[in-house]
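For the sequence shown, counting from 1, position 110 maps to 116 in this note's numbering; every step adds exactly one. For every residue, glycine included, the Cβ atom is placed at its ideal position computed from N, Cα and C.
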Amino acid sequence: MKTILIAGGCGFIGSNLCIRLLNDNNKVICVDNLYSSKIENIKTCMDNENFTFINHNIIEPLYIDKGIDEIYHLACPASPQIYQKDPIYTLKTNFVGTMNLLELARIKSSKIVLASTSEIYGEPQVSPQPETYRGNVNTIGIRSCYDEGKRIAETLFMDYHKQYNVQTRIVRIFNTYGPNMDKYDGRVVTNFISQILNNESITLYGDGSQTRSFQYIDDLLDGIIKLIDSEYIYPINIGNPNEITVKQLASILIEITGSNSKFIYKPLPLDDPTNRNPEIQLAKKILNWEPQVELKTGLIKTIQYLQNC
7 MKTILIAGGC GFIGSNLCIR LLNDNNKVIC VDNLYSSKIE NIKTCMDNEN FTFINHNIIE
67 PLYIDKGIDE IYHLACPASP QIYQKDPIYT LKTNFVGTMN LLELARIKSS KIVLASTSEI
127 YGEPQVSPQP ETYRGNVNTI GIRSCYDEGK RIAETLFMDY HKQYNVQTRI VRIFNTYGPN
187 MDKYDGRVVT NFISQILNNE SITLYGDGSQ TRSFQYIDDL LDGIIKLIDS EYIYPINIGN
247 PNEITVKQLA SILIEITGSN SKFIYKPLPL DDPTNRNPEI QLAKKILNWE PQVELKTGLI
307 KTIQYLQNC
């Protein structure tokens with residue numbers, strides 16, 4: 007039985023990971039300060055004797071008495087409206103917080119995986135985006151605290167591996183959806199579903215032609231767990247390569263729900279990327295991983311969850 011620490015364990019991805027790892031017969035330490043997450047996301051874990059919750063901000067050093075086999079670093083606001091609310095806090099989480107977790111991994115001789123992001127590619131000039139693409143990121147824009155924060159976190163991970171031989175892993179996560187998402191977090195899947203459930207018009211930014219690729223949470227968890235179990239230390243994309251426009255996503259949701267919602271159009275937000283499409287050949291080769299859940303199947307499960315929120 008492994009002891010696994012999940013920083014950001016009450017968030018969307020983190021809470022699903024807590025549940026998954028407990029079900030796989032591990033001891034789980036969930037660390038979260040609930041800045042952008044909800045304790046309700048882990049309510050099913052609380053009575054499990056192998057589960058521990060620690061309310062802690064990783065910007066402050068973290069001390070754990072027991073041994074730790076693995077650390078999942080998921081601690082950072084991921085919704086633009088939340089990470090832009092206090093950009094200095096977002097940057098501190100990505101730099102100071104990342105260093106604190108890396109120090110913990112160094113002391114405990116733990117494996118540690120960073121939840122990086124497709125946002126490190128910025129406004130990409132190549133598609134699909136391979137891990138070798140270095141990105142086209144605005145260093146002084148409203149999204150920079152997150153984009154550049156994740157880029158420096160990747161640098162810290164590699165340097166801790168090189169200097170201290172910490173067993174680091176880096177996963178670049180593309181758009182992910184599923185249960186435990188915040189209904190009003192401002193991301194496109196939840197935006198559209200919430201508007202449909204509230205019988206509101208669906209808001210499209212620009213003309214809705216910007217593209218995204220959407221993976222279901224179960225596929226992401228499979229990829230992250232395979233990565234930490236591997237020996238691969240370089241960044242690796244985990245995402246669904248089935249690229250669609252934002253307007254197509256809205257149309258699929260209308261079809262699934264039988265909604266009568268109409269479209270309204272607003273200006274495109276600053277630095278909002280026009281395309282996202284992961285190159286996943288590396289994940290296929292190194293991890294024997296590729297997504298399994300069809301978009302409509304995952305969206306139906308997500309709608310059912312959000313209907314009960």
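Under 7 Å between C-beta atoms of residue i and residue j
| i | j | result |
| --- | --- | --- |
| Asn22 | Ile231 | no |
| Asn243 | Pro284 | yes |
| Arg175 | Ile258 | no |
| Lys280 | Gln216 | At residue 280 the sequence reads Thr, which differs from the Lys that was named. Yes, the Cβ-Cβ distance between Thr280 and Gln216 is below 7 Å. |
| Phe57 | Val34 | yes |
| Phe180 | Leu120 | no |
| Cys24 | Gly17 | no |
| Tyr10 | Leu28 | What sits at residue 10 in the sequence shown is Ile, not Tyr. No. Outside cutoff. |
| Tyr183 | Thr308 | yes |
| Pro297 | Asn246 | yes |
| Gln173 | Lys117 | yes |
| Asp71 | Lys8 | no |
| Phe101 | Ile158 | yes |
| Ile64 | Gly20 | no |
| Asp277 | Gly192 | no |
| Lys189 | Leu312 | yes |
| Gly128 | Asn142 | yes |
| Arg317 | Arg218 | Any question about residue 317 goes unanswered here, given that the chain covers just 7 to 315. |
| Asp225 | Val299 | yes |
| Ser115 | Pro83 | no |
| Ser207 | Lys253 | no |
| Cys151 | Thr96 | yes |
Three-state class that DSSP yields for residue i in the structure shown
| i | result |
| --- | --- |
| Phe180 | coil |
| Phe220 | coil |
| Arg175 | strand |
| Lys232 | helix |
| Ile286 | coil |
| Ile329 | Outside the modelled stretch of the chain, which goes from 7 to 315, sits residue 329, for which no answer is possible. |
| Tyr41 | coil |
| Gly128 | strand |
| Val102 | helix |
| Leu210 | strand |
| Cys151 | helix |
| Cys51 | coil |
| Lys168 | helix |
| Ile202 | helix |
| Leu11 | strand |
| Cys36 | strand |
| Val194 | helix |
| Tyr139 | coil |
| Lys117 | strand |
| Asn314 | coil |
| Ser133 | coil |
| Thr303 | helix |
| Ile244 | strand |
| Thr308 | helix |
Environment of residue i [buried if 16+ CB atoms lie within 10 Å]
| i | result |
| --- | --- |
| Arg149 | buried |
| Gly304 | buried |
| Thr161 | exposed |
| Arg140 | exposed |
| Gln310 | exposed |
| Lys156 | buried |
| Glu66 | exposed |
| Met187 | buried |
| Leu227 | buried |
| Ile94 | exposed |
| Val30 | Per the sequence presented here, residue 30 reads as Asp, with Val not at that position. Exposed. |
| Gly229 | buried |
| Glu237 | exposed |
| Asp53 | exposed |
| Thr196 | buried |
| Tyr166 | buried |
Mind listing, in chain order, the continuous beta strand (DSSP E) runs of no fewer than 3 residues lying wholly within the segment 58-95? 76-79
Can at least three beta-carbon pairs, one atom from the segment 194-203 and one from the segment 128-143, be found at a separation below 8 Å? no
Any chance the segment 72-84 sits against the segment 106-121, with 3 or more Cβ pairs inside 8 Å? yes
For the 8 Å Cβ check, are there 3 or more pairs between the segment 268-286 and the segment 206-215? yes
Take every Cβ of the segment 89-97, pair it with every Cβ of the segment 44-53, and state whether three or more of those distances are shorter than 8 Å. no
Return the chain-ordered ranges of every beta strand (DSSP E) run that is complete within the segment 257-287 and spans a minimum of 3 residues. 269-272
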